[in-house]
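The opening residue of the sequence shown carries number 1061 in the numbering used here; numbering runs sequentially from there. Quick notes on the structure that follows.
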Amino acid sequence: MNTALRLTASQKAMLAETTLAAGLNGEQRRALVACAAMVAYQAEDILFHENEEARYFYCVLGGYVRLYRLGSDGREADIRICEPGESFGECLIIDGEHYYYHAQATEHTVLARFDLRAVRQLLDEQPRIATAMMRSLSQHLLSTMDCLASNRMETAPQRVAHYLLENCLPEGATASLRLPFQKSLLARKLGLAPEALSRAFSALRPAGVTVRGRAIAISDINALRQV
(Lines of atoms letter the chains of each structure in order from A and count residues from 1; the text may use other names and numbers.)
(Lines give C-alpha, C1' and ligand atoms only; values in the text may rest on other atoms or scores of the structure.)
Protein backbone atom coordinates (compact mmCIF):
# COMPACT_ATOMS: atom_id res chain seq x y z
CA MET A 1 0.00 0.00 0.00
CA ASN A 2 1.26 3.49 -0.82
CA THR A 3 2.47 5.63 2.06
CA ALA A 4 -0.10 8.19 3.17
CA LEU A 5 1.17 11.71 3.79
CA ARG A 6 -0.38 14.85 5.23
CA LEU A 7 -2.14 17.08 2.75
CA THR A 8 -0.34 20.31 1.89
CA ALA A 9 -2.00 23.70 2.29
CA SER A 10 -2.51 23.97 -1.48
CA GLN A 11 -4.06 20.50 -1.62
CA LYS A 12 -6.45 21.39 1.19
CA ALA A 13 -7.38 24.56 -0.68
CA MET A 14 -8.09 22.52 -3.83
CA LEU A 15 -10.33 20.13 -1.88
CA ALA A 16 -12.25 23.11 -0.50
CA GLU A 17 -13.23 24.02 -4.09
CA THR A 18 -14.55 20.58 -5.09
CA THR A 19 -18.17 19.45 -5.22
CA LEU A 20 -17.57 17.44 -2.05
CA ALA A 21 -17.02 20.62 -0.05
CA ALA A 22 -19.52 22.86 -1.83
CA GLY A 23 -21.95 24.48 0.58
CA LEU A 24 -19.89 23.72 3.68
CA ASN A 25 -18.58 26.39 6.02
CA GLY A 26 -14.94 26.60 7.01
CA GLU A 27 -15.28 24.41 10.10
CA GLN A 28 -17.15 21.71 8.21
CA ARG A 29 -14.61 21.72 5.38
CA ARG A 30 -11.77 21.35 7.84
CA ALA A 31 -13.55 18.46 9.53
CA LEU A 32 -14.04 16.68 6.20
CA VAL A 33 -10.47 17.31 5.03
CA ALA A 34 -9.18 15.99 8.37
CA CYS A 35 -10.47 12.56 7.28
CA ALA A 36 -8.12 12.56 4.27
CA ALA A 37 -4.47 11.89 3.56
CA MET A 38 -2.40 12.33 0.41
CA VAL A 39 -1.29 9.28 -1.61
CA ALA A 40 0.52 9.07 -4.96
CA TYR A 41 0.50 6.41 -7.67
CA GLN A 42 2.49 5.84 -10.84
CA ALA A 43 1.13 5.05 -14.31
CA GLU A 44 -0.83 1.77 -14.42
CA ASP A 45 -0.78 1.32 -10.62
CA ILE A 46 -4.00 -0.27 -9.34
CA LEU A 47 -5.70 1.60 -6.52
CA PHE A 48 -8.18 -1.18 -5.81
CA HIS A 49 -10.00 -4.08 -7.45
CA GLU A 50 -13.69 -4.74 -7.91
CA ASN A 51 -15.18 -6.63 -4.91
CA GLU A 52 -12.20 -5.72 -2.73
CA GLU A 53 -13.16 -4.58 0.77
CA ALA A 54 -13.67 -0.82 0.68
CA ARG A 55 -11.79 1.30 3.21
CA TYR A 56 -11.44 4.59 1.33
CA PHE A 57 -12.90 6.89 -1.26
CA TYR A 58 -10.82 9.36 -3.26
CA CYS A 59 -10.56 12.81 -4.81
CA VAL A 60 -8.09 13.44 -7.64
CA LEU A 61 -5.60 16.24 -6.95
CA GLY A 62 -3.37 15.65 -9.96
CA GLY A 63 -3.30 13.16 -12.81
CA TYR A 64 -6.12 10.88 -13.93
CA VAL A 65 -7.80 7.73 -12.65
CA ARG A 66 -9.55 5.19 -14.82
CA LEU A 67 -12.56 3.28 -13.43
CA TYR A 68 -13.45 0.07 -15.25
CA ARG A 69 -14.92 -3.41 -14.99
CA LEU A 70 -13.73 -6.76 -16.30
CA GLY A 71 -16.00 -9.09 -18.25
CA SER A 72 -16.00 -12.84 -17.80
CA ASP A 73 -13.91 -13.06 -20.99
CA GLY A 74 -11.30 -10.67 -19.60
CA ARG A 75 -12.34 -7.68 -21.70
CA GLU A 76 -12.32 -4.29 -19.99
CA ALA A 77 -15.26 -1.87 -19.99
CA ASP A 78 -14.39 1.71 -19.06
CA ILE A 79 -16.85 3.43 -16.73
CA ARG A 80 -15.28 6.83 -16.18
CA ILE A 81 -12.08 8.85 -16.35
CA CYS A 82 -11.69 10.91 -13.18
CA GLU A 83 -9.91 14.25 -13.61
CA PRO A 84 -8.41 16.67 -11.04
CA GLY A 85 -11.08 17.92 -8.66
CA GLU A 86 -13.33 14.89 -9.21
CA SER A 87 -14.09 12.29 -6.57
CA PHE A 88 -15.03 8.63 -6.79
CA GLY A 89 -16.14 5.89 -4.43
CA GLU A 90 -18.09 8.20 -2.10
CA CYS A 91 -21.28 6.20 -2.78
CA LEU A 92 -19.80 3.67 -0.36
CA ILE A 93 -20.39 6.10 2.50
CA ILE A 94 -24.13 5.48 2.16
CA ASP A 95 -24.17 1.84 1.20
CA GLY A 96 -21.74 -0.92 0.31
CA GLU A 97 -18.77 -2.66 1.84
CA HIS A 98 -16.87 -3.55 -1.36
CA TYR A 99 -15.71 -1.62 -4.41
CA TYR A 100 -17.96 -1.83 -7.46
CA TYR A 101 -15.18 -1.50 -10.06
CA HIS A 102 -11.43 -1.46 -10.56
CA ALA A 103 -9.47 1.82 -10.31
CA GLN A 104 -6.15 2.46 -12.05
CA ALA A 105 -3.87 5.49 -12.29
CA THR A 106 -3.19 6.38 -15.92
CA GLU A 107 -0.06 8.45 -15.14
CA HIS A 108 1.65 9.86 -12.07
CA THR A 109 -1.41 10.68 -9.96
CA VAL A 110 -1.87 12.41 -6.60
CA LEU A 111 -5.04 11.71 -4.60
CA ALA A 112 -6.74 12.73 -1.40
CA ARG A 113 -7.72 9.44 0.23
CA PHE A 114 -10.66 9.67 2.64
CA ASP A 115 -11.11 7.11 5.39
CA LEU A 116 -14.65 5.76 5.01
CA ARG A 117 -15.08 4.88 8.67
CA ALA A 118 -14.00 8.34 9.80
CA VAL A 119 -16.28 10.06 7.28
CA ARG A 120 -19.29 7.93 8.29
CA GLN A 121 -18.75 8.94 11.90
CA LEU A 122 -18.41 12.58 10.84
CA LEU A 123 -21.74 12.45 8.98
CA ASP A 124 -23.45 11.24 12.16
CA GLU A 125 -22.03 14.23 13.99
CA GLN A 126 -22.53 16.82 11.21
CA PRO A 127 -25.45 15.91 8.90
CA ARG A 128 -24.88 18.95 6.67
CA ILE A 129 -21.76 17.27 5.30
CA ALA A 130 -24.00 14.40 4.19
CA THR A 131 -25.90 16.89 2.04
CA ALA A 132 -22.64 17.79 0.28
CA MET A 133 -22.01 14.10 -0.36
CA MET A 134 -25.48 13.67 -1.83
CA ARG A 135 -24.87 16.67 -4.10
CA SER A 136 -21.68 15.10 -5.39
CA LEU A 137 -23.41 11.77 -5.99
CA SER A 138 -26.24 13.53 -7.80
CA GLN A 139 -23.78 15.23 -10.14
CA HIS A 140 -22.12 11.90 -10.87
CA LEU A 141 -25.51 10.37 -11.71
CA LEU A 142 -26.41 13.22 -14.06
CA SER A 143 -23.00 13.00 -15.72
CA THR A 144 -23.44 9.26 -16.21
CA MET A 145 -26.86 9.80 -17.78
CA ASP A 146 -25.39 12.40 -20.15
CA CYS A 147 -22.64 9.96 -21.10
CA LEU A 148 -25.13 7.17 -21.80
CA ALA A 149 -27.26 9.49 -23.93
CA SER A 150 -24.19 10.61 -25.85
CA ASN A 151 -23.08 7.04 -26.50
CA ARG A 152 -26.51 6.13 -27.86
CA MET A 153 -27.33 9.25 -29.85
CA GLU A 154 -24.00 10.61 -31.12
CA THR A 155 -21.66 9.15 -33.70
CA ALA A 156 -17.94 8.88 -32.89
CA PRO A 157 -17.10 12.10 -34.84
CA GLN A 158 -19.90 13.92 -33.01
CA ARG A 159 -18.57 12.81 -29.61
CA VAL A 160 -15.09 14.03 -30.52
CA ALA A 161 -16.45 17.30 -31.95
CA HIS A 162 -18.44 17.87 -28.76
CA TYR A 163 -15.34 17.33 -26.62
CA LEU A 164 -13.25 19.68 -28.77
CA LEU A 165 -15.86 22.43 -28.68
CA GLU A 166 -16.19 22.18 -24.89
CA ASN A 167 -12.44 22.34 -24.27
CA CYS A 168 -10.93 24.46 -27.03
CA LEU A 169 -9.67 28.04 -26.82
CA PRO A 170 -11.56 30.08 -29.48
CA GLU A 171 -9.63 32.71 -31.41
CA GLY A 172 -12.25 34.25 -33.65
CA ALA A 173 -13.25 31.74 -36.31
CA THR A 174 -10.46 29.37 -35.30
CA ALA A 175 -9.61 27.52 -32.11
CA SER A 176 -6.98 25.27 -30.58
CA LEU A 177 -6.33 23.04 -27.62
CA ARG A 178 -3.71 20.71 -26.23
CA LEU A 179 -4.96 17.44 -24.80
CA PRO A 180 -4.00 17.09 -21.12
CA PHE A 181 -3.53 13.34 -21.66
CA GLN A 182 -2.69 10.86 -24.39
CA LYS A 183 -5.21 10.20 -27.16
CA SER A 184 -5.65 6.65 -25.87
CA LEU A 185 -7.10 8.09 -22.66
CA LEU A 186 -9.37 10.43 -24.64
CA ALA A 187 -10.69 7.37 -26.46
CA ARG A 188 -11.54 5.73 -23.14
CA LYS A 189 -13.14 8.93 -21.87
CA LEU A 190 -15.40 9.10 -24.93
CA GLY A 191 -16.22 5.39 -24.91
CA LEU A 192 -14.34 4.69 -28.14
CA ALA A 193 -11.75 2.17 -29.26
CA PRO A 194 -8.42 3.82 -30.21
CA GLU A 195 -8.96 3.00 -33.88
CA ALA A 196 -12.47 4.50 -33.74
CA LEU A 197 -10.99 7.72 -32.32
CA SER A 198 -8.46 7.85 -35.17
CA ARG A 199 -11.24 7.40 -37.73
CA ALA A 200 -13.28 10.12 -36.00
CA PHE A 201 -10.40 12.60 -36.23
CA SER A 202 -10.00 11.72 -39.92
CA ALA A 203 -13.72 12.33 -40.45
CA LEU A 204 -13.35 15.78 -38.85
CA ARG A 205 -10.62 16.96 -41.22
CA PRO A 206 -13.16 18.51 -43.63
CA ALA A 207 -14.41 20.53 -40.63
CA GLY A 208 -10.92 21.97 -40.23
CA VAL A 209 -9.58 19.72 -37.44
CA THR A 210 -5.83 19.02 -37.57
CA VAL A 211 -4.13 16.75 -35.05
CA ARG A 212 -0.40 16.72 -34.29
CA GLY A 213 0.27 14.61 -31.24
CA ARG A 214 -1.66 16.21 -28.39
CA ALA A 215 -1.95 19.55 -30.19
CA ILE A 216 -5.25 20.07 -32.03
CA ALA A 217 -6.01 23.01 -34.32
CA ILE A 218 -9.49 23.94 -35.55
CA SER A 219 -9.46 26.19 -38.61
CA ASP A 220 -13.25 26.62 -38.82
CA ILE A 221 -15.05 26.40 -35.49
CA ASN A 222 -18.44 27.06 -37.11
CA ALA A 223 -17.98 24.10 -39.42
CA LEU A 224 -17.15 21.92 -36.44
CA ARG A 225 -20.36 23.01 -34.71
CA GLN A 226 -22.31 21.65 -37.69
CA VAL A 227 -20.94 18.10 -37.36
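Don't be surprised by glycine CBs; every beta carbon is placed ideally from N, CA and C.
Cys1119 is positioned such that its CB atom lies closer than 8 Å to that of Ala1172. Closest option to Arg1135, judged by alpha-carbon separation, among Ala1253, Gly1273, Ser1210 and Gln1199: Ala1253. Assignment of Ile1106 by DSSP, reduced to helix, strand and coil, places it in the strand class. Here the stretch 1206 to 1226 makes no contact with the stretch 1178 to 1198; the two share fewer than three CB pairs at distances below 8 Å.
Gly1122 is bridged by DSSP to Val1170. In this structure, Arg1115 is the residue among Pro1144, Thr1270 and Arg1115 with its C-alpha nearest to the C-alpha of Arg1177. For Glu1113, the number of other beta carbons within 10 angstroms of its own is below 16, and it is reported as exposed. Tyr1124 has its alpha-carbon roughly 7 Å from the corresponding atom of Pro1144. Ranked by Cα distance from Thr1068, the options Ala1096, Leu1080, Ile1153 and Gln1088 are led by Ala1096. For Tyr1161, the secondary structure class from DSSP, reduced to helix, strand or coil, is coil.
Under the DSSP assignment, Glu1087 falls in the alpha helix (DSSP H) whose first and last residues are Gly1086 to Val1093. Note that the C-beta distance between Thr1270 and Ala1277 is below 8 Å.
As the crow flies, the alpha-carbon of Leu1092 is around 20 Å from that of Ala1100.
Shown here, Thr1270 sits in a strand according to DSSP, grouped into three states. DSSP, read as helix, strand or coil, puts Ala1233 in coil.
Following the DSSP letters along the chain, one finds Arg1180 inside the alpha helix (DSSP H) bounded by residues Leu1176 to Glu1185.
If you draw a straight line from the Cα of His1162 to the Cα of Tyr1128, it is about 5 Å long. Under the DSSP assignment, Arg1248 falls in the alpha helix (DSSP H) whose first and last residues are Lys1243 to Lys1249.
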